[in-house]
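Engineer:
Numbering (our numbering), first residue to last: 144 to 289.
Below, the structure written as structure tokens:
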């Protein structure tokens, strides 16, 4: 049996599913950032800054004004997100990391081969630094080539 939705009902469902219908909190903390990430799953990172950097916009749309430094600290230090090239640079919840295995497996051979040809020893140096220091962001790494 098929059911029909009015265009208005379909819009309300779509808006609610994206987390845009809920009331904004009076104050924002990391629980709210987590909820946004659980809802949207992937937040594009882009340095284009017309009104604000693009990764701040999904949070603002759902939470209203918030401390961007608090979001940046949570994203960088909580271990709850990872940065990955989905179809663009993006944050995604760490629990979704295995969902991207197919892409990493697909790219690993070609990427590693080309980097190793252009910069011999670079990949090994990065692996050694991560092994010695534990989890790191790209900006924490020394430049193995120089």
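All C-beta atoms in this analysis are idealised placements derived from N, C-alpha and C, irrespective of residue type, glycine included.
Taking the alpha-carbon of residue 280 as reference, which of 157, 234, 259, 253 has the nearest alpha-carbon?
Structural biologist: As a working mapping, residue 280 is identified with position 137 in the chain shown. Here the closest residue by C-alpha is 234.
Engineer: By a C-beta neighbour count over all protein chains shown, 10 Å radius and 16 as the cutoff for buried, is residue 209 buried or exposed?
Structural biologist: Residue numbering aside, residue 209 sits at position 66 when the chain shown is read from its first letter. Buried is the call here.
Engineer: Can you tell me which residues form a DSSP beta bridge with residue 227?
Structural biologist: By one-based count along the chain shown, residue 227 stands at place 84. Its beta-bridge partners are 233.
Engineer: Assuming contact is defined by CB atoms lying nearer than 7 Å, are residue 229 and residue 185 in contact in what I supplied?
Structural biologist: Sequence index remark: in the chain shown, residue 229 carries index 86 (1-based). Sequence index remark: in the chain shown, residue 185 carries index 42 (1-based). Going by C-beta atoms, residue 229 is nearer than 7 Å to residue 185.
Engineer: Restricting to Cα atoms, I'd like to know which of 179, 242, 227 is closest to residue 159.
Structural biologist: On the chain shown, residue 159 is found 16 positions in, with the first residue counted as 1. That would be 179, whose Cα lies nearest to the Cα of residue 159.
Engineer: Report the residue ranges of all alpha helix (DSSP H) runs contained in full by the stretch 238 to 279; include only those spanning at least 4 residues, in chain order.
Structural biologist: 244 to 261, 265 to 276
Engineer: On the DSSP bridge assignment, give the partners of residue 187 in chain order.
Structural biologist: On the chain shown, position 44 is the one that residue 187 refers to. In the DSSP output, where bridge partners are listed per residue, residue 187 has 233.
Engineer: Using the beta-carbon count (16 or more within 10 Å), is residue 258 buried or exposed?
Structural biologist: Position 115 of the chain shown, counted from the first residue, corresponds to residue 258. Residue 258 comes out exposed.
Engineer: For residue 176 and residue 150, I'd like the C-alpha separation in whole angstroms.
Structural biologist: Looking up residue 176 in the chain shown gives position 33. Looking up residue 150 in the chain shown gives position 7. Rounded to whole angstroms, residue 176 to residue 150 spans 30 Å at the Cα level.
Engineer: Is the beta carbon of residue 227 less than 7 Å from the beta carbon of residue 243?
Structural biologist: Indexing the chain shown from 1 puts residue 227 at position 84. Indexing the chain shown from 1 puts residue 243 at position 100. Contact flag set, yes.
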